[in-house]
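Novice: In our numbering, the protein residues as written are 1 to 204. Ideal Cβ placement from N, Cα and C applies to all residues, glycine included.
What follows is the structure, given as structure tokens:
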């Protein structure tokens with residue numbers, strides 16, 4: 001029997017490209033209060049040009065530019081991913097896990113039960129209306145302070161500015177009430193009348 005074969009060999013038909021190695025970097029701070037603006041940088045070292053970038057900032061936001069700046073508006077811990085595709089159609093991706101930590105900024109607010117007293121001393125209760133805070137620091141303007149949420153404080157004669165510092169994590173909001181407390185003062189009488197008469201009037 002005659003056995004024959006026919007073989008053809010071609011070289012260079014199949015090309016295999018290496019997937020791009022993706023490197024990303026966060027510039028500046030990664031922890032802060034809302035709104036937190038963060039700069040991101042693509043530092044990938046590649047031998048071929050990139051055709052597309054796709055950033056995922058972990059909170060539903062994204063970007064298709066190479067080096068974006070992104071503003072986080074919500075509290076949370078977020079992972080950031082960068083996916084790139086080079087001109088050969090090869091894709092690479094890299095993720096920085098739990099890299100961004102955003103805390104919602106609290107709002108300091110308070111009111112008091114008494115702002116004016118003719119007495120030489122007066123005990124005043126402070127009502128803390130702050131939102132989103134976990135720690136508090138009061139400065140009563142007379143050299144004393146408190147970390148109680150709703151403090152009571154006794155003032156002697158004088159005029160006092162009171163400040164409340166409301167804190168959550170690294171975030172602090174401050175409310176300063178200038179000259180809000182008046183103790184031991186005499187109030188000037190204020191009155192009006194719409195009666196016009198010619199005779200003199202004596203007030204007793």
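Is residue 146 closer than 8 angstroms to residue 138 when the C-beta atoms are compared?
Specialist: Their beta carbons are under 8 angstroms apart, which means residue 138 touches residue 146 by this criterion.
Novice: Decide if the stretch 97-104 is in contact with the stretch 73-88; the criterion is three or more beta carbon pairs, one per stretch, under 8 angstroms apart.
Specialist: Contact holds: three or more Cβ-Cβ distances are below 8 angstroms.
Novice: Determine the direct distance from the alpha carbon of residue 24 to that of residue 18, and round the result to whole angstroms.
Specialist: Residue 18 and residue 24: Cα-Cα distance of roughly 19 angstroms.
Novice: Is DSSP giving residue 142 helix, strand or coil here?
Specialist: In this structure, residue 142 counts as coil in the three-state DSSP scheme.
Novice: Suppose the cutoff is 8 angstroms on Cβ atoms and the five residues either side in sequence are ignored; what does the same chain contact list for residue 104 look like?
Specialist: Only 33, 34, 74, 75, 132, 168 and 171 meet the Cβ criterion.
Novice: With DSSP as the reference, label residue 57 as helix, strand or coil.
Specialist: Looking at residue 57 - three-state DSSP - the assignment turns out to be coil, as it is neither helix nor strand.
Novice: From the DSSP output, in three-state form, read off residue 133 for me.
Specialist: Coil.
Novice: Would you mind reading off the limits of the beta strand (DSSP E) that contains residue 37?
Specialist: Segment 36-42, the beta strand (DSSP E) holding residue 37.
Novice: Rounded to a whole number of angstroms, what is the C-alpha to C-alpha distance between residue 164 and residue 112?
Specialist: So the two alpha carbons sit approximately 12 angstroms from each other.
Novice: Is the beta carbon of residue 22 less than 8 angstroms from the beta carbon of residue 51?
Specialist: Taking 8 angstroms as the Cβ cut-off, residue 22 and residue 51 do not qualify as a contacting pair.
Novice: What's the gap between the Cα of residue 72 and the Cα of residue 96?
Specialist: Between residue 72 and residue 96, the C-alpha separation is close to 16 angstroms.
Novice: Output the distance between the C-alpha atoms of residue 94 and residue 67, rounded to the nearest integer angstrom.
Specialist: Taking the straight line joining both Cα atoms gives about 15 angstroms.
Novice: To the nearest angstrom, report how far apart residue 273 and residue 29 are at their CA atoms.
Specialist: Since the first residue of the chain shown is 1 and the last is 204, residue 273 is not available in this structure.
Novice: Would you mind giving the Cβ-Cβ distance between residue 127 and residue 110, rounded to the nearest angstrom? I have them listed as a contact below 8 angstroms.
Specialist: That pair is a contact at about 6 angstroms.
Novice: Quick check on residue 99: does DSSP put it in helix, strand or coil?
Specialist: Of the three classes helix, strand and coil, the one that applies to residue 99 here is strand, per DSSP.
Novice: My assumption, with CB atoms under 8 angstroms, is that residue 152 sits in contact with residue 123. Please give the rounded CB distance.
Specialist: That pair is a contact at about 6 angstroms.
Novice: Within the continuous beta strand (DSSP E) that includes residue 180, where are the two ends?
Specialist: First-last of the beta strand (DSSP E) with residue 180: 171-183.
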